[in-house]
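S.K.: Residue numbers (the working numbering): 4 to 472.
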Ligand code: SF4
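1) Looking only at its chain, what residues have a beta carbon closer than 8 Å to the beta carbon of residue 302, apart from the 5 residues adjacent to it on each side?
2) Could you tell me the distance, in whole angstroms, from the CA atom of residue 8 to the CA atom of residue 462?
3) In the region 8-83, which residue ranges form an unbroken alpha helix (DSSP H) of at least 4 residues, counting only runs that do not cross its ends?
4) Do you know whose CA, among 111, 361, 363 and 161, lies nearest residue 143's CA?
5) Looking at ligand 3, does it come within less than 7 Å of residue 175, judged from the CB to the closest heavy atom?
6) Thinking residue 50 and residue 61 are a contact (beta carbons under 8 Å), I'd like their distance in whole angstroms, please.
7) In whole angstroms, what separates the C-alpha of residue 175 from that of residue 464?
8) Does residue 477 pass the burial test, meaning 16 or more other C-beta atoms within 10 Å, or should it be called exposed?
9) Confirm, please, whether the CB-CB distance from residue 290 to residue 344 is below 8 Å.
10) If I follow the unbroken alpha helix (DSSP H) through residue 138, where does it start and stop?
11) Quick one: does the C-beta of residue 32 sit closer than 7 Å to a heavy atom of ligand 1?
12) Any heavy atom of ligand 1 inside 7 Å of the beta-carbon of residue 443?
13) For residue 104, does the three-state DSSP call read helix, strand or coil?
14) Between which residues of its own chain and residue 361 is the CB-CB distance below 6 Å, once the five residues before and five after are set aside?
15) Is the number of C-beta pairs between the region 116-134 and the region 34-45 that are closer than 8 Å three or more?
16) Given that a residue counts as buried once 16 or more other Cβ atoms are within 10 Å of its Cβ, and exposed if not, what is residue 286?
17) Please report the Cβ distance between residue 136 and residue 160, rounded to the nearest whole angstrom; I am assuming they are in contact, meaning their Cβ atoms lie under 8 Å.
18) Is it the case that the Cβ atoms of residue 191 and residue 241 are separated by a distance below 8 Å?
19) Using a Cβ-Cβ cut-off of 7 Å (strictly less than) and excluding sequence neighbours within five positions of residue 339, which residues of its own chain qualify?
20) Threshold first: 3 residues or longer. Then list the beta strand (DSSP E) segments lying entirely within the region 199-272, N to C.
21) Quick one: using the 10 Å Cβ neighbour count with 16 as the cut-off for buried, is residue 397 buried or exposed?
22) Would DSSP call residue 387 helix, strand or coil?
23) Would you say the beta carbon of residue 182 is closer than 7 Å to some non-hydrogen atom of ligand 1?
24) Would you say the beta carbon of residue 261 comes nearer than 7 Å to a heavy atom of ligand 1?
25) Mapping DSSP to helix, strand and coil, what is residue 122?
26) Reducing DSSP to helix, strand and coil, say where residue 449 ends up.
27) Would you please state the rounded distance, in angstroms, between the beta carbons of residue 247 and residue 210? I believe it to be under 8 Å.
28) I want to check one thing, is the minimum distance from the CB of residue 217 to the heavy atoms of ligand 1 below 7 Å?
29) So what does residue 171 bridge to, in DSSP terms?
30) Taking residue 438 as the reference, give the member of 233, 466, 450 and 458 with the closest Cα.
31) Tell me, please, whether the region 302-319 touches the region 179-187 by the rule of three or more beta-carbon pairs shorter than 8 Å.
32) Report the rounded CA-to-CA distance for residue 457 versus residue 354, giving the unit in angstroms.
33) For my contact list, residue 314 and residue 325 are in at a C-beta cut-off of 8 Å; report their separation, rounded to the angstrom.
34) Take residue 29 and list the residues in its own chain whose beta-carbon comes closer than 6 Å to its own, dropping the five residues that flank it on each side.
35) For residue 459, which three-state DSSP category applies?
36) Am I right that residue 167 and residue 409 are in contact with their C-beta atoms under 8 Å? What's the rounded C-beta distance?
This is the structure we're talking about:
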């Protein structure tokens, strides 16, 4: 039951408080997708996008608690808004996302000016919750909740690429991770609902879809049905086959994978389905088996390497990206060096790096062998340098190649250029005008001859329409 903390009874007519809104999003793609949907709901309610957070009538912070610094950031933002609210009580102040879920009512004690505290599972219920606020109530919505299929059109940041949630939450127990506690248990969407959303997006001109899940390989585990061969009826592989032929969608991506559940069947589907892009995001977190055991990740380094080898057998040019944590409690220098060795051995196109950050309520946070900050800083510095070196080596293979790039928008640094990504997810910049005066536009699939490479991006010359190199 959503808590009503204070205010008059619900039946009083709401006052017309629908001015401008501002959303600041912290954290992962799941949060970005939630913010797009909440923006869509606010606009359907009659709010209009504000120009900045200091003048908006409704301010919503969609928060992240994956690391302490992400959590602390929101309190400084809230401090400023609380001062605004004391001067202008008509301001509506909302905290959504993972800090809201983690802290719940205690956030109201810390920031009494807040109107609404809502967990990620309640994103689609924003209108109902704000209606209670408009009736003068202070609302906390953090109870476990079955996520409703949301019909409101999300207000998407891109007009070309869109996120589509396929599974919410996570049932894993990685000892460092706060996600299961703040995003709840796995809830898979029905394949028909996902396909319908993709078709609606295609009709609006979107060309690329990224299917999203904290642990996307768990897709369908909670949906009923067993095939005649005795396996789950709904898996990510089945979903890719089910949505592959949505007219207008040229590219399909998915994230985030889990090595524990990654299957050969999935690799074969990615190799055989032409619209599925040749990029895999598979966090490995550590290159040492003992550390992986302490993290409760459920796989070994050997198993991880076998997955990558299998991918490269079927898709030799596939791009591999990952996430890694350094300085996990008790991680010795030798164990850390195994992580560096794995990065060199695999040759990752990109690795998102982070130093271990103890999170409230997670097992590892209470372990005695926490490493000093200085070790965290040094290991992070060293691993970032290695990741950049290896990414540079990987980027070198593009030089002189002709790559298909989906133009996503103008290069903010040079408006005569477009920017987009290769099928292998490498950011690429190129001139909008191929020289025949027929400009390329966002949404175009453009063949680009790569003329310059950098560790994490490329530049090149676009071929004109019908030009054959
Ligand atoms: S798989 Fe592990 S790291 Fe990923 S969201 Fe779930 S608990 Fe967190």
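C-beta atoms are modelled at their ideal positions from N, C-alpha and C, and glycine is treated no differently.
Everything numeric in this text was worked out from a predicted model, so none of it was measured.
M.R.: If we stick to the structure as given:
1) Taking the chain shown and counting its residues from 1, the one referred to as residue 302 is at position 299. Same-chain partners within the cutoff: 262, 263 and 295.
2) Here the question's residue 8 lines up with position 5 in the chain shown. Here the question's residue 462 lines up with position 459 in the chain shown. With a pLDDT of 41 at residue 8, under the threshold of 50, the predicted position of this residue should be treated as unreliable, though the coordinate-derived value follows. About 55 Å.
3) 32-47
4) Counted from its first residue, the chain shown places residue 143 at position 140. Ranking 111, 361, 363 and 161 by Cα distance to residue 143 puts 111 first.
5) Absence of ligand 3 is noted for the structure shown, with ligand 1 being the only ligands found.
6) Along the chain shown, read from residue 1 onward, the residue named residue 50 stands at position 47. Along the chain shown, read from residue 1 onward, the residue named residue 61 stands at position 58. Confirmed, about 6 Å.
7) As a position in the chain shown, residue 175 is number 172, starting the count at 1. As a position in the chain shown, residue 464 is number 461, starting the count at 1. So the alpha carbons of these two residues sit roughly 45 Å apart.
8) Since the first residue shown for the chain is 4 and the last is 472, residue 477 is missing from the structure and cannot be characterised.
9) Residue 344 sits at position 341 when you count from the first residue of the chain shown. Residue 290 sits at position 287 when you count from the first residue of the chain shown. Yes, the pair counts as a contact, with Cβ atoms nearer than the cut-off.
10) Numbered from 1 along the chain shown, position 135 holds the residue referred to as residue 138. No alpha helix (DSSP H) contains residue 138, which DSSP labels as neither H nor E.
11) Reading the chain shown from its first residue, position 29 is the one you call residue 32. Outside the cutoff, so no.
12) As a first step, residue 443 must be located in the chain shown, where it is residue number 440. For ligand 1, no non-hydrogen atom lies closer than 7 Å to the CB of residue 443.
13) Position 101 of the chain shown, counted from the start, is the residue given in the question as residue 104. Reduced to three states, the DSSP call for residue 104 is helix.
14) The residue you call residue 361 lines up with position 358 of the chain shown. Contacts found: 368.
15) yes
16) Residue mapping note: residue 286 aligns to position 283 of the chain shown, counting from 1. Buried, by the Cβ-count rule.
17) Stepping through the chain shown from its first residue, residue 136 is reached at position 133. Stepping through the chain shown from its first residue, residue 160 is reached at position 157. In this structure residue 136 is not in contact with residue 160, their Cβ atoms being roughly 26 Å apart against a cut-off of 8 Å.
18) In the chain shown, residue 191 corresponds to position 188, counting from 1. In the chain shown, residue 241 corresponds to position 238, counting from 1. No.
19) Along the chain shown, one-based indexing puts residue 339 at 336. The answer, listed in chain order, is 329 and 382.
20) 211-215 and 254-258
21) Indexing the chain shown from 1 puts residue 397 at position 394. That one is buried.
22) Taking the chain shown and counting its residues from 1, the one referred to as residue 387 is at position 384. DSSP places residue 387 in helix when its eight states are reduced to three.
23) The residue given as residue 182 occupies position 179 in the chain shown. Remark: the shortest separation between the CB of residue 182 and any heavy atom of ligand 1 falls under 7 Å.
24) Start at 1 with the first residue of the chain shown, and residue 261 comes out as number 258. Yes; taking the cut-off as 7 Å, the Cβ of residue 261 has a heavy atom of ligand 1 nearer than that.
25) The residue given as residue 122 occupies position 119 in the chain shown. Of the three classes helix, strand and coil, the one that applies to residue 122 here is coil, per DSSP.
26) Numbered from its first residue, the chain shown carries residue 449 at position 446. In this structure, residue 449 counts as strand in the three-state DSSP scheme.
27) As a working mapping, residue 247 is identified with position 244 in the chain shown. As a working mapping, residue 210 is identified with position 207 in the chain shown. Going by Cβ atoms, the distance from residue 247 to residue 210 rounds to 14 Å, so no, they are not a contact pair.
28) To locate residue 217, count along the chain shown from 1; it is residue 214. Flag set: Cβ of residue 217 near ligand 1.
29) Your numbering for residue 171 matches position 168 in the chain shown. Bridge partners of residue 171: 190.
30) Start at 1 with the first residue of the chain shown, and residue 438 comes out as number 435. Answer by Cα proximity: 466.
31) no
32) Mapped onto the chain shown, residue 457 falls at position 454. Mapped onto the chain shown, residue 354 falls at position 351. Near 15 Å, if we compare the C-alpha coordinates of residue 354 and residue 457.
33) The residue given as residue 314 occupies position 311 in the chain shown. The residue given as residue 325 occupies position 322 in the chain shown. Wrong, their Cβ atoms sit about 12 Å apart, outside the cutoff.
34) Mapped onto the chain shown, residue 29 falls at position 26. For residue 29, where only same-chain residues beyond five positions count, the Cβ hits under 6 Å are 66, 67 and 73.
35) Counted from its first residue, the chain shown places residue 459 at position 456. Residue state for residue 459 is assigned as coil, using DSSP reduced to three classes.
36) Your numbering for residue 167 matches position 164 in the chain shown. Your numbering for residue 409 matches position 406 in the chain shown. Residue 167 to residue 409, Cβ: 16 Å. No contact.
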